[in-house]
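Number 278 marks the last residue of the sequence shown (the numbering used here); no jumps.
Notes for the one structure printed next.
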Amino acid sequence: DDYSKPLLSTGFAKRLSPDKLAQRSAEALADELNAQIVTHTHVTQLDVDNHVLQLSSGATLGYDELVLATGAAPHTPFRIPSELAERCFTVNDLDDYRRLHGALNQPTRVAIIGAGLVGCEFANDLHAGGHQVTVIAPESTPLPRLLPERLGSALADTFQEAGIRLALGRTLETLSQDADNALTLQLDNGERHTVDIILFATGLAPRTQLAKAAGLSVSPSGIQVDRQLRTNQPHIYA
């Protein structure tokens with residue numbers, strides 16, 4: 041479905057279900073663009089010599105010109121125990137929003153790891169939606185890349201006055217589940233927080249695996265291109 045990504049971190053207080061976030065179905069968008077849209081499918085291999093894509097469905101798709109718009113995936117610096125993974129969330133697309141929405145059908149204690157733009161938007165949105173929110177981040181103030189320290193401190197004061205708990209200048213050390221099925225987060229200073237779910241808002245990393253495997257030049261910031269967005273392989277852009 042077609043949807044506005046900024047609404048993913050501002051939709052809970054508005055009581056927007058995943059279906060309400062969707063603006064158009066894939067079919068409607070395909071008609072509007074006069075394009076074929078293949079959903080629930082990903083490219084598993086790129087054959088640059090023969091101009092062929094191998095799809096997860098087992099089918100192949102040839103191309104004359106190819107644009108790689110693979111985006112970025114959530115970056116989670118903390119290793120999550122496998123048995124607790126279903127209670128740890130990232131939100132980067134509508135399916136992620138649907139999963140988190142299903143976990144927040146009643147007032148919930150939520151820890152948000154990260155105090156950047158997305159983390160702060162979620163903190164405000166989930167608090168306004170009736171949830172108990174704790175924000176944990178290594179920086180001393182929220183939005184450190186966007187606000188000077190004085191304004192970041194003012195935002196922190198506003199959050200705390202509203203009832204949002206802050207643990208700034210702190211990092212997550214361990215995560216465990218107690219006898220009551222609650223999650224216990226222990227921070228680097230020994231401080232403990234008990235919550236029901238965790239939302240990681242710790243940034244994104246470019247999806248470059250497909251391009252790298254096909255021999256395209258990549259860097260930590262993404263697929264390398266020239267000023268015309270051409271990669272180092274003919275007929276492939278990014």
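C-beta: ideal position from N, C-alpha, C; glycine also.
Can the beta-carbon of residue i be found closer than 8 Å to that of residue j?
{"i": "G170", "j": "A241", "result": "no"}
{"i": "D42", "j": "Q63", "result": "yes"}
{"i": "G203", "j": "H167", "result": "yes"}
{"i": "R268", "j": "L256", "result": "Sequence inspection shows Gln at residue 268; the Arg mentioned does not correspond to that position. No, the pair does not count as a contact, with Cβ atoms beyond the cut-off."}
{"i": "T79", "j": "A66", "result": "yes"}
Which residue from the options puts its Cα closest to that of residue i?
{"i": "A177", "options": "N132, D236, P121, T116", "result": "T116"}
{"i": "T57", "options": "L250, L256, D136, L73", "result": "What sits at residue 57 in the sequence shown is Ser, not Thr. It is D136 whose Cα lies nearest to the Cα of S57."}
{"i": "D165", "options": "G255, A75, G209, L144", "result": "L144"}
{"i": "L61", "options": "L69, E201, L48", "result": "L48"}
{"i": "T248", "options": "G262, I237, D236", "result": "G262"}
{"i": "G111", "options": "L244, V265, A219", "result": "L244"}
{"i": "T81", "options": "L69, V88, S96, N90", "result": "S96"}
{"i": "V258", "options": "A278, Q63, P274", "result": "A278"}
{"i": "G159", "options": "L134, F129, T148, R138", "result": "F129"}
{"i": "V175", "options": "T79, I237, A70", "result": "I237"}
{"i": "E123", "options": "R138, D218, H141, T271", "result": "D218"}
{"i": "L86", "options": "Q264, P260, A251", "result": "A251"}
{"i": "I153", "options": "S65, L73, I120", "result": "I120"}
{"i": "A53", "options": "N74, F118, V78, Q146", "result": "Q146"}
{"i": "E126", "options": "E67, G51, P260, L140", "result": "L140"}
{"i": "S50", "options": "E105, V83, L134", "result": "It should be pointed out that residue 50 corresponds to Thr in this sequence rather than to Ser. Checked all of E105, V83, L134; the closest Cα to T50 is L134."}
{"i": "D59", "options": "R138, P114, T79", "result": "R138"}
{"i": "A113", "options": "D266, P260, P246, K45", "result": "P246"}
{"i": "T271", "options": "A109, N90, R55", "result": "A109"}
Beta-carbon within less than 6 Å of residue i's beta-carbon, same chain only, minus the 5 sequence neighbours each way: which residues are those?
{"i": "A222", "result": "T234"}
{"i": "L37", "result": "An answer regarding residue 37 cannot be provided, because it is not within the stretch 41 to 278 covered by the chain."}
{"i": "F118", "result": "L212"}
Measure the beta-carbon distance from residue i to residue j and round it to whole angstroms, keeping in mind my assumption that it falls under 8 Å.
{"i": "F162", "j": "L227", "result": "19 Å between Cβ atoms; not a contact."}
{"i": "A254", "j": "V107", "result": "Going by Cβ atoms, the distance from A254 to V107 rounds to 14 Å, so no, they are not a contact pair."}
{"i": "E231", "j": "R210", "result": "7 Å"}
{"i": "V150", "j": "V173", "result": "5 Å"}
{"i": "H275", "j": "D104", "result": "7 Å"}
Tell me which same chain residues have a C-beta within less than 8 Å of the C-beta of residue i, skipping the five on either side of it?
{"i": "A196", "result": "T181, P182, L206, L208"}
{"i": "T100", "result": "V92, L93, Q94"}
{"i": "R55", "result": "G169"}
{"i": "Q200", "result": "L206"}
Can you find the residues in the same chain that come closer than 7 Å, C-beta to C-beta, to residue i, ignoring five residues on each side of it along the sequence?
{"i": "P184", "result": "G192"}
{"i": "T214", "result": "Q226"}
{"i": "G102", "result": "H91, V92"}
{"i": "T224", "result": "S216, D218, R232, T234"}
Alpha helix (DSSP H) segments (min. 4 residues) lying fully within the stretch 63 to 128: The alpha helix (DSSP H) runs lying completely inside the stretch 63 to 128 and spanning 4 residues or more are 66 to 73, given in chain order.
Uninterrupted alpha helix (DSSP H) stretches inside the stretch 177 to 235 (no shorter than 4 residues): Counting only runs of 4 or more residues that sit fully inside the stretch 177 to 235, the alpha helix (DSSP H) segments are 189 to 202, in chain order.
Complete runs of the beta strand (DSSP E) confined to the stretch 126 to 158 [at least 3 residues]: Segments of the beta strand (DSSP E) lying fully in the stretch 126 to 158: 149 to 153.
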